[in-house]
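K.L.:
Here's a structure for you.
Number of protein chains: 2
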Amino acid sequence: MDYCFGVDIGGTTVKIGLFQEDGNIREKWEIKTRTEEKGCRILPDIAKSLLNSLEKNGISKENVAGIGIGVPAPITEDGVVKATANLGWEYKNVKEEMEELTGIRTATGNDANVAALGEMWLGGGRGCKNMIMVTLGTGVGGGILINGKILTGEHGAGGEIGHLCVNYEETDNCGCGNHGCLEQYASATGITRLAKKKLDSTDRETLLRKGPVNAKTVFDAVKAGDEVADEIAVEFGTYLGHALANLAAAVDPAAIVIGGGVSKAGEVLLPYIKKPYQERAFFADRDVKFTLAELGNDAGICGAAKLVLD
Amino acid sequence: MDYCFGVDIGGTTVKIGLFQEDGNIREKWEIKTRTEEKGCRILPDIAKSLLNSLEKNGISKENVAGIGIGVPAPITEDGVVKATANLGWEYKNVKEEMEELTGIRTATGNDANVAALGEMWLGGGRGCKNMIMVTLGTGVGGGILINGKILTGEHGAGGEIGHLCVNYEETDNCGCGNHGCLEQYASATGITRLAKKKLDSTDRETLLRKGPVNAKTVFDAVKAGDEVADEIAVEFGTYLGHALANLAAAVDPAAIVIGGGVSKAGEVLLPYIKKPYQERAFFADRDVKFTLAELGNDAGICGAAKLVLD
Numbered sequence: 001m002d003y004c005f006g007v008d009i010g011g012t013t014v015k016i017g018l019f020q021e022d023g024n025i026r027e028k029w030e031i032k033t034r035t036e037e038k039g040c041r042i043l044p045d046i047a048k049s050l051l052n053s054l055e056k057n058g059i060s061k062e063n064v065a066g067i068g069i070g071v072p073a074p075i076t077e078d079g080v081v082k083a084t085a086n087l088g089w090e091y092k093n094v095k096e097e098m099e100e101l102t103g104i105r106t107a108t109g110n111d112a113n114v115a116a117l118g119e120m121w122l123g124g125g126r127g128c129k130n131m132i133m134v135t136l137g138t139g140v141g142g143g144i145l146i147n148g149k150i151l152t153g154e155h156g157a158g159g160e161i162g163h164l165c166v167n168y169e170e171t172d173n174c175g176c177g178n179h180g181c182l183e184q185y186a187s188a189t190g191i192t193r194l195a196k197k198k199l200d201s202t203d204r205e206t207l208l209r210k211g212p213v214n215a216k217t218v219f220d221a222v223k224a225g226d227e228v229a230d231e232i233a234v235e236f237g238t239y240l241g242h243a244l245a246n247l248a249a250a251v252d253p254a255a256i257v258i259g260g261g262v263s264k265a266g267e268v269l270l271p272y273i274k275k276p277y278q279e280r281a282f283f284a285d286r287d288v289k290f291t292l293a294e295l296g297n298d299a300g301i302c303g304a305a306k307l308v309l310d
Numbered sequence: 001m002d003y004c005f006g007v008d009i010g011g012t013t014v015k016i017g018l019f020q021e022d023g024n025i026r027e028k029w030e031i032k033t034r035t036e037e038k039g040c041r042i043l044p045d046i047a048k049s050l051l052n053s054l055e056k057n058g059i060s061k062e063n064v065a066g067i068g069i070g071v072p073a074p075i076t077e078d079g080v081v082k083a084t085a086n087l088g089w090e091y092k093n094v095k096e097e098m099e100e101l102t103g104i105r106t107a108t109g110n111d112a113n114v115a116a117l118g119e120m121w122l123g124g125g126r127g128c129k130n131m132i133m134v135t136l137g138t139g140v141g142g143g144i145l146i147n148g149k150i151l152t153g154e155h156g157a158g159g160e161i162g163h164l165c166v167n168y169e170e171t172d173n174c175g176c177g178n179h180g181c182l183e184q185y186a187s188a189t190g191i192t193r194l195a196k197k198k199l200d201s202t203d204r205e206t207l208l209r210k211g212p213v214n215a216k217t218v219f220d221a222v223k224a225g226d227e228v229a230d231e232i233a234v235e236f237g238t239y240l241g242h243a244l245a246n247l248a249a250a251v252d253p254a255a256i257v258i259g260g261g262v263s264k265a266g267e268v269l270l271p272y273i274k275k276p277y278q279e280r281a282f283f284a285d286r287d288v289k290f291t292l293a294e295l296g297n298d299a300g301i302c303g304a305a306k307l308v309l310d
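Protein chains in written order, with our numbering: chain A, 1 to 310; chain B, 1 to 310.
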């Protein structure tokens with residue numbers, strides 16, 4: 001039992017890592033995600049790639065603890081997906097199918113939850129057992145870890161932090177059909193939206209009028225001392241910090257890890273989130289540690305590998 | 001291993017039950033909570049009472065699976081309390097001390113969390129593994145169960161549902177020091193507050209002007225078709241339903257159980273909570289089952305007993 005696989009299925013590529021049990025990545029690679037014909041080739045393609053890797057590296061199945069798979073959809077504890085937005089799958093028992101294809105024990109999880117587990121194992125949440133991770137990308141994803149385990153939930157939809165309602169007055173729709181979801185303010189798209197509204201509402205000078213407006217340029221302008229950009233960051237951080245304070249009252253975490261594309265802005269981000277968090281957090285949760293994610297695109301394969309080691 | 005004890009420590013009395021492993025209560029009783037001298041007598045009093053019960057019933061320690069204890073304070077997974085509001089305890093390792101006093105394995109939990117576990121085992125949440133319980137009493141307490149286990153959290157403060165902020169405009173203070181906490185709108189005290197504000201803001205006729213104004217009289221008036229009371233119930237239900245929808249996005253429960261004194265109003269309560277919940281819930285969480293708690297004051301001893309059977 002010296003090795004395991006971590007597999008992170010995305011809509012375009014599948015990331016795969018061959019891990020040693022201590023967390024070292026012996027090898028990592030990608031294959032194409034073939035979504036045609038209801039995605040029927042995705043799991044067989046992965047299985048073939050894993051078995052090839054074992055053969056190439058001279059590793060026998062007996063030395064593999066298992067295959068962990070992160071899936072971009074709600075997935076139950078039993079490994080069942082009911083529908084996917086971008087893989088073509090309808091009902092599928094991912095765990096069972098992969099075990100049949102490979103003869104190797106398989107564990108599964110939602111991709112955002114699995115990334116959170118990866119950050120807890122090897123990244124920004126190292127040493128924590130209770131952790132919230134929020135992933136600020138095109139959307140806002142999240143993962144909640146309780147006693148070192150993923151909070152999967154009844155329908156595999158635990159940790160859907162992006163869809164906490166943070167503004168009951170909002171009239172614009174979120175992709176989920178609701179309005180006022182955290183995702184509308186704290187994702188890369190959301191920050192762009194806040195920025196454009198801000199620019200429309202003022203004619204003050206700002207660096208943001210000199211080029212494209214997006215999450216990166218907003219935080220670049222913040223770093224350059226731009227006042228308008230600072231106000232946009234305050235708005236972003238207030239929504240996110242307040243949502244995290246409410247979440248912490250329920251979950252009581254040791255750490256909150258901020259990841260995703262937006263987090264590449266770096267440490268400058270954290271005070272904007274921490275201040276409103278601390279203003280609103282329940283007293284027992286006020287000392288929570290805020291950190292940035294560290295694993296970038298590898299969080300998924302790392303967490304997936306950890307799934308089978310637990 | 002045919003028996004176990006469930007102990008629910010309150011500020012005035014300690015409730016104790018001798019359970020069979022199938023959940024039947026063989027005997028239940030109460031003793032006084034002696035909080036003087038930093039509460040140093042509370043655990044010895046309980047230990048004595050339990051050992052007496054074994055002797056009286058001719059049960060040997062070998063046939064006792066353990067002692068479960070619910071405590072009115074945050075308590076860590078290891079059984080450590082750092083402070084209590086109404087027992088006099090400062091730092092105390094409850095688990096260790098009770099095991100030394102009795103020689104019987106002991107498990108501990110926060111009283112609201114333990115009550116939730118009781119309702120899952122024998123009450124309104126029977127058959128569920130993932131459940132949120134919200135207790136509408138003088139305050140608003142709560143418990144979150146994930147895969148059948150209590151979400152204890154890092155500081156033993158998991159499930160503090162009453163302190164989710166639901167109104168950032170609120171100027172009145174909550175007991176916790178924040179303002180806008182769910183407890184200020186959904187507790188018995190909170191409903192009374194909402195009702196008084198409503199009565200001050202209108203001179204419409206209502207049954208509520210004919211006697212004392214409290215949670216019971218509000219829901220009695222609702223049942224009698226009173227329009228002003230209905231509007232108060234809508235306000236209460238909107239705050240609670242929206243807070244539960246946010247919580248469900250994080251936790252993805254199968255059921256939400258409503259307990260505490262306010263829940264004695266009965267089924268009339270549920271539509272007021274469910275409607276705003278469903279309007280705001282993430283799609284995967286919309287079919288959650290809403291039920292009333294069933295165990296009343298026994299929820300604590302039942303859940304405490306279940307702690308040691310798991």
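For each residue, glycine too, the CB sits at the ideal point set by N, CA and C. From a predicted model like this one, the values you see are computed outputs, not experimental measurements.
(1) If you reduce the DSSP assignment to three classes, tell me which class T108/B lands in.
(2) Could you check which residue in F19/B, T12/B, F282/B and K15/B has the C-alpha nearest to that of V308/B?
(3) Below 7 angstroms between beta carbons is the criterion; list the residues of the segment 251-283 of chain B that meet it against any residue of chain A, in chain order.
(4) Kindly indicate the opening and closing residues of the beta strand (DSSP E) around A250/A.
(5) What ranges does the alpha helix (DSSP H) occupy inside the segment 244-297 of chain B, keeping only unbroken runs of at least 4 residues that lie completely in it?
(6) Can you look up C302/B in the DSSP assignment and give me helix, strand or coil?
(7) Assuming H242/A contacts V166/A (C-beta within less than 8 angstroms), just tell me the rounded distance between them.
(8) Helix, strand or coil: which one does DSSP assign to L164/A?
(9) What residue range does the alpha helix (DSSP H) around A65/B cover?
(10) List the residues of chain A whose Cβ lies closer than 8 angstroms to the Cβ of D78/B, in chain order.
(11) Mind listing which residues of the segment 142-162 of chain B have their C-beta closer than 7 angstroms to chain D's C-betas, in chain order?
(12) Do the CB positions of K198/B and I232/B come within less than 7 angstroms of each other?
(13) Mind pulling the chain A residues with CB within less than 9 angstroms of G177/B?
(14) So, is the C-beta of A249/B closer than 7 angstroms to a C-beta in chain A?
(15) Find the nearest neighbour of I59/A within the set T108/A, E205/A, A85/A and C4/A, judged by alpha-carbon distance.
(16) For chain A, check one thing: does any of its Cβ atoms lie closer than 7 angstroms to the Cβ of P72/B?
(17) Does D200/A come out as helix, strand or coil in the three-state DSSP assignment?
(18) Starting from I46/B, follow the beta strand (DSSP E) in both directions and report where the run begins and ends.
(19) Mind listing the chain B neighbours of A245/A? Cutoff is C-beta to C-beta under 8 angstroms, in chain order.
(20) Taking N110/B as the query, report the chain A residues whose CB atoms sit under 7 angstroms from its CB, ordered along the chain.
(21) If you follow the alpha helix (DSSP H) that V222/A is part of, which residue opens it and which one closes it?
(22) Between the segment 219-235 of chain A and the segment 82-92 of chain A, can you find at least three pairs of beta-carbon atoms closer than 8 angstroms?
(23) Determine which residues of the segment 123-136 of chain A have a Cβ less than 7 angstroms from any Cβ of chain B, and write them out in chain order.
(24) Between which residues of its own chain and L101/B is the CB-CB distance below 7 angstroms, once the five residues before and five after are set aside?
(25) How about the segment 168-185 of chain A and the segment 260-275 of chain B: do they share at least three Cβ pairs that are nearer than 8 angstroms?
(26) Helix or strand or just coil, what does DSSP make of G143/B?
(27) Rounded to whole angstroms, what is the Cα-Cα separation between K306/A and G109/B?
(28) What span of residues does the beta strand (DSSP E) with E30/B cover, start to end?
(29) Would you grab the beta carbon distance between L113/B and G143/B for me? Rounded to a whole angstrom, and I think it's under 8 angstroms.
(30) Looking at the structure shown, is H173/A part of a helix, part of a strand, or coil, going by DSSP?
(31) Quick check on this structure: which residue in R126/A, C176/A, E169/A and M131/A has the alpha carbon closest to the alpha carbon of G139/A?
P.N.:
By the coordinates alone:
(1) strand
(2) F19/B
(3) V251, D252, P253, A254, R280, F282 and F283
(4) First-last for A250/A: E227 to V251, but that is the alpha helix (DSSP H), not the beta strand (DSSP E).
(5) The segment 244-297 of chain B contains these whole alpha helix (DSSP H) runs: 269-280.
(6) helix
(7) 7 angstroms
(8) coil
(9) Careful: A65/B lies outside any alpha helix (DSSP H), inside the beta strand (DSSP E) at V64 to V71.
(10) Those within 8 angstroms of D78/B in chain A number zero; the least Cβ separation is about 12 angstroms.
(11) Among the chains of the structure shown, chain D does not appear; the protein chains present are A and B.
(12) yes
(13) F283
(14) Flagged as an interface residue toward chain A: A249/B, by a C-beta distance shorter than 7 angstroms.
(15) Ranking the options by Cα distance to I59/A, first place goes to C4/A.
(16) No, because no Cβ of chain A sits closer than 7 angstroms to the Cβ of P72/B.
(17) helix
(18) It is not in any beta strand (DSSP E) - I46/B instead sits in the alpha helix (DSSP H) that spans I42 to N57.
(19) Simply C165.
(20) Result: empty, since nearest Cβ-Cβ is about 10 angstroms, beyond 7 angstroms.
(21) If you look at V222/A, you'll find it in the alpha helix (DSSP H) that goes A215 to K223.
(22) no
(23) N130
(24) L43, P44 and A47
(25) Note that the segment 168-185 of chain A does not touch the segment 260-275 of chain B; fewer than 3 beta-carbon pairs, one per stretch, sit closer than 8 angstroms.
(26) strand
(27) Just so you know, the alpha carbons of K306/A and G109/B end up roughly 29 angstroms apart.
(28) I25 to K32
(29) Sequence check: residue 113/B is Asn here, not Leu. Contact between N113/B and G143/B holds, since their C-beta atoms are separated by about 4 angstroms, short of 8 angstroms.
(30) Checking the sequence, you will find Asn at residue 173/A rather than His. DSSP places N173/A in coil when its eight states are reduced to three.
(31) That would be C176/A, whose Cα lies nearest to the Cα of G139/A.
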